[in-house]
Amino acid sequence: MNESSSSLITADDTVFRYLCPVRKIGSVISRGGDIVKQLRTDTKAKIHIDDALLGCDKCVATIHSSSEEINHFDEIDDLVSLAQDELFRVHQRVIAKDAREDEDEEHVTAKLLVPSDQIGYVNAKGG
Numbered sequence: 053m054n055e056s057s058s059s060l061i062t063a064d065d066t067v068f069r070y071l072c073p074v075r076k077i078g079s080v081i082s083r084g085g086d087i088v089k090q091l092r093t094d095t096k097a098k099i100h101i102d103d104a105l106l107g108c109d110k111c112v113a114t115i116h117s118s119s120e121e122i123n124h125f126d127e128i129d130d131l132v133s134l135a136q137d138e139l140f141r142v143h144q145r146v147i148a149k150d151a152r153e154d155e156d157e158e159h160v161t162a163k164l165l166v167p168s169d170q171i172g173y174v175n176a177k178g179g
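Residue numbers (the numbering used here): 53 to 179.
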């Protein structure tokens, strides 16, 4: 999926790299790209989905936005970055069908790729 030069990631951006099963990426992009276009419009964040590597069953969705811009999250009054809003929406689309099929299942796994120099922000001091 191509991106224009206006969507380059800067040092001041909030960036998420979401590991998405290839078999689910259609629920994020859709035929003709209508869903991903709507996600971009709704959140004003940028998303780029890499092609899966040969023999790999996952691809990387890179979602980013300016760290200074925020959206209201759902019906509650929490504020989140544009990228975080889009990350939540992408994840909901990826798990939607599985959630309907596995209504008894309460746990959902998401995989994010985190640079090693930033892992401390994820597990915090002392784990």
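Cβ coordinates follow ideal geometry from the N, Cα and C atoms, glycine included.
Expressed to the nearest angstrom, what Euclidean distance is found between the alpha-carbon atoms of residue i and residue j?
| i | j | result |
| --- | --- | --- |
| residue 106 | residue 136 | 29 Å |
| residue 60 | residue 69 | 14 Å |
| residue 131 | residue 145 | 21 Å |
| residue 121 | residue 97 | 9 Å |
| residue 89 | residue 167 | 27 Å |
| residue 85 | residue 100 | 12 Å |
| residue 63 | residue 170 | 13 Å |
| residue 143 | residue 82 | 15 Å |
| residue 141 | residue 91 | 8 Å |
| residue 125 | residue 119 | 15 Å |
| residue 102 | residue 172 | 26 Å |
| residue 133 | residue 123 | 6 Å |
| residue 115 | residue 75 | 19 Å |
Considering only the alpha carbon of each residue, which of the options lies closest to residue i?
| i | options | result |
| --- | --- | --- |
| residue 112 | 170, 168, 163 and 59 | 163 |
| residue 78 | 119, 104, 131 and 132 | 104 |
| residue 109 | 167, 71 and 165 | 71 |
| residue 73 | 147, 166 and 169 | 147 |
| residue 139 | 172, 80 and 85 | 80 |
Which residues bound the beta strand (DSSP E) around residue i?
| i | result |
| --- | --- |
| residue 71 | 65 to 73 |
| residue 132 | 131 to 133 |
| residue 89 | No beta strand (DSSP E) contains residue 89, which is instead part of the alpha helix (DSSP H) from 86 to 95. |
| residue 99 | 98 to 101 |
| residue 8 | Lying before the first or after the last residue shown, residue 8 is absent from the chain, which here runs from 53 to 179. |
Determine the burial state of residue i: buried for a count of at least 16 other Cβ atoms within 10 Å of its Cβ, exposed for fewer.
| i | result |
| --- | --- |
| residue 117 | buried |
| residue 95 | buried |
| residue 65 | buried |
| residue 161 | exposed |
| residue 165 | exposed |
Over the uninterrupted alpha helix (DSSP H) stretch that includes residue i, give me the two end residues.
| i | result |
| --- | --- |
| residue 161 | From DSSP, residue 161 is part of no alpha helix (DSSP H); its letter is neither H nor E. |
| residue 81 | 78 to 81 |
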